[in-house]
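Residue numbers (my numbering): 161 to 392.
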């Protein structure tokens with residue numbers, strides 16, 4: 161009395177599905193960077209493989225998924241009949257299998273390049289108010305109406321001629337100016353801190369060469385602004 165289900169296989173090469181990105185590239189990189197810093201299982205190297213684990217309700221499923229720039233590998237552990245298994249936890253059971261399986265691939269995890277717009281800074285390089293997360297609630301109407309932080313110079317898309325194209329010797333510094341926000345202001349070039357302006361709205365930057373650079377500024381509350389310039 162049993163019936164047989166007919167399973168058909170579709171060749172994806174014959175299809176042209178519409179592709180769309182689910183998350184912003186910068187947000188995706190931040191998440192991947194966090195997952196790469198997750199504590200690995202015993203005897204595994206930290207900071208090499210981005211991974212996430214999970215455990216279903218009732219200890220019925222344990223899973224772990226790891227990925228790098230080119231590959232994704234998933235491990236599921238559980239009973240075919242879906243019955244609970246005491247102690248079946250993703251981190252304790254599936255994660256070690258994931259790292260062992262990746263090692264058997266014979267390739268090291270490839271790092272994911274940071275997309276344009278990523279801000280990277282260690283807590284030690286940030287001003288003291290930014291080293292610990294806090295909720296900043298304006299206590300007065302004046303604080304709530306404080307001008308929004310923005311970079312007034314150089315403007316976004318500016319082309320700054322410092323004579324680097326013609327090789328006329330050492331280039332002059334570029335003046336960095338911001339308006340609004342709460343001091344101190346921290347300036348970053350391509351995601352790396354270069355200066356902290358205590359109580360001042362200006363700073364100086366000595367470019368190392370020609371090309372595009374992304375300038376960012378962060379104030380004491382964590383607000384930020386960015387522009388992109390071209391140095392010539």
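Where a beta carbon is used, it is the ideal one built from N, C-alpha and C, also for glycine. None of these values were measured; they are calculated from a predicted model.
The beta carbon of residue 335 lies closer than 7 Å to those of 313, 362 and 364 in the same chain, with the five residues before and after it left out. A Cβ-Cβ distance of about 7 Å is found for the pair residue 276 and residue 374, placing them in contact under the 8 Å criterion. Counting of Cβ neighbours within 10 angstroms places residue 200 among the buried residues, the total reaching 16 or more. Going by beta carbons, residue 389 and residue 345 fall outside the 8 Å limit.
Within a 10 Å sphere around the beta-carbon of residue 240 sit fewer than 16 other beta-carbons, which makes this residue exposed.
In the same chain as residue 208, and ignoring 5 residues on each side of it, the C-beta atoms closer than 6 Å to its own belong to 269, in chain order. With respect to residue 192, residue 272 sits close: the two C-beta atoms are nearer than 8 Å. Cβ-Cβ separation between residue 250 and residue 222: approximately 4 Å, consistent with a contact (criterion under 8 Å). Residue 347: not part of any alpha helix (DSSP H); member of the beta strand (DSSP E) spanning 345 to 349, first to last residue. Ranked by how close their Cα comes to the Cα of residue 206, the residues 226, 216 and 214 have 226 in first place.
Exposed is the label assigned to residue 246, since fewer than 16 other Cβ atoms lie within 10 Å of its Cβ. Around the beta carbon of residue 267, fewer than 16 other beta carbons sit within 10 angstroms, so the residue counts as exposed. For residue 267, there is no enclosing beta strand (DSSP E), as DSSP gives it neither H nor E.
Residue state for residue 387 is assigned as strand, using DSSP reduced to three classes.
Linking residue 217 to residue 343 through their CA atoms gives a straight-line distance of about 48 Å.
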